[in-house]
Amino acid sequence: MTTPPATNLTQRMRRLVSAELTEAALRLMAADGFDAVTIDQIAAAAGVSRRTFFRHYASKEDVVVRFLTDMGADITATLSARPAGEPPSVALRHALGVPLAACAGAHERARQVVGLILGTPALLARFLERQSQWQDDLAAALAERLGTEDGDLYPRMAAGMALTAFDTALHRWNDGGHDDPGVLADRAFAIIAPALDAVERTA
Numbered sequence: 015m016t017t018p019p020a021t022n023l024t025q026r027m028r029r030l031v032s033a034e035l036t037e038a039a040l041r042l043m044a045a046d047g048f049d050a051v052t053i054d055q056i057a058a059a060a061g062v063s064r065r066t067f068f069r070h071y072a073s074k075e076d077v078v079v080r081f082l083t084d085m086g087a088d089i090t091a092t093l094s095a096r097p098a099g100e101p102p103s104v105a106l107r108h109a110l111g112v113p114l115a116a117c118a119g120a121h122e123r124a125r126q127v128v129g130l131i132l133g134t135p136a137l138l139a140r141f142l143e144r145q146s147q148w149q150d151d152l153a154a155a156l157a158e159r160l161g162t163e164d165g166d167l168y169p170r171m172a173a174g175m176a177l178t179a180f181d182t183a184l185h186r187w188n189d190g191g192h193d194d195p196g197v198l199a200d201r202a203f204a205i206i207a208p209a210l211d212a213v214e215r216t217a
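The sequence shown begins at 15 in my numbering and counts up one residue at a time.
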């Protein structure tokens, strides 16, 4: 049974409004700081009412949490879609390259958003919380790709190593590095790739 067109339109409109609110919130908070920005300002910048904001998000913090949750979903989906015979280091590098490519595409704006998240204690705590979920999801996807058991050590350790490389590149770039974040990630993954791929062969 097909979904009625009206339902599809409602869903598209909801996603559009949510995206506008996210864009407005991140832009304002990156410029003025998390604490200085009000929900009313975010709603006004997105061209919606305060009531509409609360239909989509419970708080300012929830905007960033949803943004990070969606990012994690994109990373995991990319890993699952990589060619089956690809070495784990390559597949993981491509998967975690999704947000880094976005950073490279909107360099200064992205650096502001990354700086906002890393520099705001409440948001950093949620970022680390989300990364724990990313590790679980990446480990599950990697285990499925490799045909290993859920309890095997390798998938979770590999996901953790990949996220450490990602974090290292992200922090280095945020600290004022002039290199493209993708270049920094390539360097970080070059360090861990031998271990990732060698361990996978013996797992």
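Built from N, CA and C at the ideal position, the CB exists for glycine as well. Since we're looking at a predicted model, the values are computed, not measured.
Cα-Cα separation between residue i and residue j, rounded to whole angstroms
| i | j | result |
| --- | --- | --- |
| ALA125 | GLY133 | Ala is not the amino acid found at residue 125; the sequence shown has Arg there. Looking at the two C-alpha atoms, the distance is approximately 11 Å. |
| ALA38 | ASN22 | 24 Å |
| ALA60 | GLY161 | 45 Å |
| ALA153 | ARG96 | 14 Å |
| GLU100 | ILE205 | 18 Å |
| GLY190 | THR24 | 42 Å |
| ARG305 | VAL77 | For residue 305 there is no data in the structure shown, the boundaries of the chain being 15 and 217. |
| ASP54 | ARG144 | 26 Å |
| PHE81 | GLU75 | 10 Å |
| THR216 | ASP166 | Low confidence applies to THR216: its pLDDT is 46, below 50, so where it sits in the model is not reliable enough to give any reading. |
| LEU40 | TYR168 | 36 Å |
| LEU137 | VAL127 | 11 Å |
| PHE68 | ALA57 | 10 Å |
| ARG29 | ALA212 | 42 Å |
| MET171 | THR83 | 21 Å |
Residues near residue i by beta carbon distance below 8 Å, same chain, minus five either side
| i | result |
| --- | --- |
| ALA199 | ARG107, LEU110, GLY111, LEU114, ALA179, PHE180 and ALA183 |
| ALA98 | ARG159 |
| THR36 | VAL77, ARG80 and PHE81 |
Contact set for residue i: own chain, Cβ-Cβ below 7 Å, skip 5 residues either direction
| i | result |
| --- | --- |
| TRP148 | GLY86, ILE89 and LEU177 |
| GLY174 | GLN149 |
| ALA12 | There is simply no residue 12 to check, as the chain begins at 15 and stops at 217 in what is shown. |
| VAL31 | VAL62, THR66 and HIS70 |
| ILE131 | VAL78, LEU137, LEU138 and PHE141 |
| ALA102 | In the sequence on display, residue 102 carries Pro and not Ala. Answer for PRO102: LEU156, ALA172, LEU210, ASP211 and GLU214, listed in chain order. |
| ALA207 | SER103 |
| ASP151 | GLY86 and THR90 |
Backbone secondary structure at residue i - three-state DSSP
| i | result |
| --- | --- |
| GLU158 | helix |
| GLY133 | helix |
| SER63 | coil |
| SER73 | coil |
| ARG96 | coil |
| GLY174 | helix |
| PRO113 | helix |
| GLU143 | helix |
| PHE48 | coil |
| GLY190 | coil |
| PRO101 | coil |
| GLU163 | coil |
| ALA217 | Only weak support exists for where ALA217 lies, its pLDDT of 48 falling under 50; the value from the coordinates is given anyway. In this structure, ALA217 counts as coil in the three-state DSSP scheme. |
| ALA20 | Because the pLDDT at ALA20 is just 49, under 50, the model does not fix this residue reliably, and the point stays unresolved. |
Cut-off 6 Å between Cβ atoms - residues of its own chain near residue i, not counting five sequence neighbours on either side
| i | result |
| --- | --- |
| TRP187 | PRO195 and LEU198 |
| GLU34 | ALA60 |
| VAL79 | ARG140 |
| ALA155 | THR90, LEU93 and SER94 |
| PHE48 | THR134 |
| MET43 | VAL51 and LEU130 |
| CYS117 | ALA124 and PRO195 |
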